[in-house]
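Residues 1307 to 1526 in our numbering are what the sequence shown spells out, letter by letter. Think of the CB as a built atom: it goes at the ideal place given N, C-alpha and C, for glycine as much as any other residue. Everything numeric in this text was worked out from a predicted model, so none of it was measured. I have placed the structure first, in the form of structure tokens, so that the comments after it can refer back to it.
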Amino acid sequence: MSEGSFPKAYKDGFKEFFGRDFLVSSDVLIPRPETETAIEIILSLAGKPYINGVTVPERVLPEKPRILDVGTGSGCIAITLKLELPEADLYACDVSSAALKIAMENAKKLTADVEFVKSDLLDNIDGHFDVIVANLPYVDRNWPWNSGIEHEPELALYAENGGLEIIYKLLEQVEHRTKYLILEADPVQHEKIISKAKSQDMECLEIRGYQLLFRVLSES
Ligand SMILES: C[S@@+](CC[C@H](N)C(=O)[O-])C[C@H]1O[C@@H](n2cnc3c(N)ncnc32)[C@H](O)[C@@H]1O
């Protein structure tokens, strides 16, 4: 892996995501633009246009959807969703206490009412959701194109089994827990994830950039 300089966002102490500044420290992944697409997909499911002039898509979520963000890191996904969809109930979890501390600071700074829980995937999470969204670690340590990420937390980046281990574990947990699942992964991993999801009774509805949208068929 080639060495990159210390990231500007860590020096500045914040990074912009979906038009808002989020506090970041070396305990959390720096929010990425490709993750904003997950927000756009969920706003579409909620029937909310996110670009001026775009036709309002059909709403498939209830008026007060329950949404869970797994692996919340800085909290950028959950907090943005609460601010864009104030009527939604937002929950967020992470296995890292240090990351949750930053996420809670961001929620306070941006005045977003999100419930944060320390949990290894869904282990400490109760209840049923309309949407589970997850940007979990998916980097394979052996990818030759890994560069400029060595200052970010290993826990936020790497997973075994070609980067797929943690995503596969979540796929095994979501049956009867959600109607829709949105996962971020590198496009080189999408085919394998779609195939694993199919074996868990999920249908891939859309691939947008790094994001995969699934419908959990046991819910329909
Ligand atoms: C790629 S970062 C994403 C952070 C944030 N959601 C974002 O999009 O910028 C992955 C996050 O998942 C957390 N994580 C790793 N393994 C986990 C697990 N088994 N259960 C819950 N969270 C986990 C890491 O601590 C990290 O904060």
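What's the gap between the Cα of Lys1370 and the Cα of Ala1394?
Approximately 5 angstroms between the Cα atoms of the pair.
Does DSSP put Glu1481 in a helix, in a strand, or in coil?
Here Glu1481 sits in coil by DSSP.
Under 8 angstroms between the Cβ atoms of Val1420 and Lys1388?
The answer is yes: Cβ separation under 8 angstroms.
Measuring CA to CA, which of Glu1497, Ala1503 and Ser1524 is closest to Arg1483?
Taking only the C-alpha atoms, the option nearest Arg1483 is Ser1524.
Length-filtered (3 minimum) beta strand (DSSP E) runs lying within the region 1330–1393:
Correct list: 1372–1376.
Looking at Leu1476 and Leu1442, is the spacing between their C-beta atoms short of 8 angstroms?
In contact: Leu1442 and Leu1476 (Cβ atoms closer than 8 angstroms).
May I ask you to verify whether the region 1410–1420 touches the region 1459–1478, counting CB pairs closer than 8 angstroms and requiring at least 3?
Result no; under three Cβ-Cβ pairs closer than 8 angstroms.
Is Leu1367 near Leu1351, with beta carbons less than 8 angstroms apart?
Cβ atoms of Leu1367 and Leu1351: closer than 8 angstroms.
Please indicate yes or no: does the CB of Asp1400 lie closer than 7 angstroms to some heavy atom of ligand 1?
At least one heavy atom of ligand 1 is nearer than 7 angstroms to the Cβ of Asp1400, so yes.
Is it a yes or a no for the region 1478–1492 touching the region 1441–1457, going by three-plus beta-carbon pairs under 8 angstroms?
Put simply, the region 1478–1492 touches the region 1441–1457. At least three CB pairs are less than 8 angstroms apart.
Within 10 angstroms of the Cβ of Val1522, are there 16 or more other Cβ atoms? Answer buried if so, exposed if not.
That one is buried.
Contacting residues, own chain, Cβ-Cβ under 7 angstroms from Ile1385 (five flanking each side not counted):
Close CB contacts of Ile1385 within its chain, under the 7 angstroms cut and outside five residues either way in sequence, are with Asn1412, Ala1413, Leu1416, Ala1418 and Val1420 (chain order).
Please tell me whether Gly1515 and Thr1343 are closer than 8 angstroms, where the distance is taken between their beta carbons.
Yes, they are a contact pair.
Sequence-distant residues of its chain with Cβ nearer than 8 angstroms to Glu1478 (five each side left out)
Taken in chain order, the residues that qualify are Gln1506.
What ranges does the beta strand (DSSP E) occupy inside the region 1435–1489, keeping only unbroken runs of at least 3 residues that lie completely in it?
Qualifying beta strand (DSSP E) stretches, in chain order: 1435–1440.
DSSP beta-bridge partners for Phe1323?
Answer is Arg1326, bridged to Phe1323.
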